[in-house]
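The block underneath contains the structure these notes are about, expressed in structure tokens.
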Amino acid sequence: MNKENILDKENKSISKVLVVTMDEEGMQYGVDVANTLRDNNINTEMFLEDKKLKAKFKYADKLNIPYIIVIGEEEIQNKKVTLKSMITGEQKMLSLEEAIKEIG
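For the sequence shown, the numbering used here gives the first residue as 1040, with consecutive numbering after it.
Take a look at the structure:
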């Protein structure tokens, strides 16, 4: 993609959001969230490897993915997501609809 100039020099990924889950139990909710984002025309990648949260953030930072959606037990129970901006560092728990508007 870089050779074809599909990606600009700054970005190493076409994804705008990286969805990460805290554990295996959150995987299905994470898949549902990722699919909803994609249905809303937001390029989304899901981190499937079993690694620490810091490694997942580092991966997003390395690829210049601007947002991470974190899904843990609290998010699943409340049917929400935690949206973290990799640019500002701001992090907040939102409904998926609110996160979609924020990502825009």
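We put the beta carbon where it would ideally sit given N, CA and C, even for glycine. Predicted model, so just to flag it, every value in this text is computed and none were measured.
Judging by CA-CA distance, which residue of the options is the nearest neighbour of residue i?
i       : options                               : result
Ile1139 : Met1061, Lys1093, Arg1077 and Asp1100 : Arg1077
Met1061 : Thr1121, Ser1134 and Gly1128          : Thr1121
Lys1091 : Lys1131, Thr1127 and Glu1063          : Glu1063
Ile1115 : Leu1133, Thr1127 and Leu1102          : Leu1133
Return yes when the C-beta of residue i is under 6 Å from any heavy atom of the ligand ZN, and no when it is not.
i       : result
Met1066 : With respect to small molecules bound, the structure shown includes none, and the ligand ZN cannot be examined in it.
Should residue i and residue j be called a contact, given that it needs their Cβ atoms to be closer than 7 Å?
i       : j       : result
Ile1107 : Lys1097 : no
Met1085 : Ala1094 : no
Met1066 : Ala1099 : no
Beta-carbon within less than 6 Å of residue i's beta-carbon, same chain only, minus the 5 sequence neighbours each way: which residues are those?
i       : result
Asn1082 : Ile1053, Ser1054 and Lys1055
Give the secondary structure of residue i by DSSP, where H, G and I count as helix, E and B as strand, and everything else as coil.
i       : result
Glu1088 : coil
Leu1133 : strand
So, at 7 Å on beta carbons, what are the nonlocal neighbours of residue i in its own chain, with the 5 sequence-adjacent residues on each side left out?
i       : result
Gly1069 : Val1058, Thr1060, Met1085 and Ile1110
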